[in-house]
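Heads up: the structure comes next, in structure tokens.
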Amino acid sequence: MNIINFAHRGASAVAPENTMAAFRKGLELGATGIETDVQMTSDGAIVIIHDENLSRTTTGSGYVKDKTLREVLEVDAGSWFSPEFTGERIPTLDELLDLLQGRETVLNIELKNGTFLYPGMEEKVIAAVREQGMSERVVISSFNHYSLAYCKSLAPEIRTGILYGEGLYRPWNYAATLQADALHAHYSSVLPEFVTDATESGIVYHPWTVNDPERMTYLIEAGVAGIITDHPDVLAGLLAAR
Ligand code: G3P
Ligand code: CA
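Take 1 as the starting number for the sequence shown in full-length UniProt numbering and just add one per residue.
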């Protein structure tokens, strides 16, 4: 089985997270998957940014939910990382889906709907994925597990991944009750015997965020189906050497 090499927020170690530059760089460095985060604007556009607030990663301030798409597109999302990336914008989900057209890349869309619920977000994300014919190559993940169950009820053909840190007992059983397909666990809560039991139940593991090569090797040997990393080049090297 090919292990999916998910570039976390794109190649976020070498380019500003969740920008088109970071996604392109991730693909260049050998990623076979992209992990990204979505929020929703006041006029209902699905945009790519990790935080609810613009201030950490852009020249803007305030909450995405209070801005129109036009306002969100005006801020710079690259200069905080390095002057070389000045001019990078916050992408829309459609732009990222466009970039992945004609490729085999798997797209892991994390709905950031834990703090604000963003009514209608699930429908909009599913519609965008379906319109671009990407249903088979997308996994929708979230820490909001009610939202994932809702996504599955709307779109049974799109995979879902339960995001969690630790503390879930036999999480593959929990995933099955939510009709989820994958466990997006913090790497510290993944043991080889868990991966075996989950896989036997038809649930795969995509642990996050794994940057240490030794931990990557441990998880590869444990049998995970994918790894989410800021360093897709390091993971690609390990996978190629197997
Ligand atoms: O997909 C896993 C990981 O991205 C979850 O944490 O904060 O990086 O979105 P965060
Ligand atoms: Ca994320």
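Positions of the beta carbon are idealized from the N, C-alpha and C atoms, including for glycine.
All values reported here derive from a predicted model rather than from experimental measurement.
{"Query": "Counted within 10 angstroms of its Cβ, other Cβ atoms place Leu97 as buried (16 or more) or exposed", "Result": "buried"}
{"Query": "Contact under 8 Å by Cβ, Ile90 with Ile49", "Result": "yes"}
{"Query": "Extent of the continuous beta strand (DSSP E) to which His8 belongs", "Result": "Ile4 to His8"}
{"Query": "Option nearest Glu74 by Cα separation, candidates Phe81, Val47, Ile109 and Ile220", "Result": "Val47"}
{"Query": "In DSSP terms, what Asp37 is bridged to", "Result": "Glu110"}
{"Query": "Exposure of Ala127, with buried meaning 16 or more beta-carbon neighbours within 10 Å", "Result": "exposed"}
{"Query": "Residue interval of the alpha helix (DSSP H) (run including Tyr146)", "Result": "His145 to Leu154"}
{"Query": "Proximity below 8 Å, CB of Ile203 to CB of Ala176", "Result": "yes"}
{"Query": "Contact set for Leu238: own chain, Cβ-Cβ below 8 Å, skip 5 residues either direction", "Result": "Pro213, Met216, Thr217 and Ile220"}
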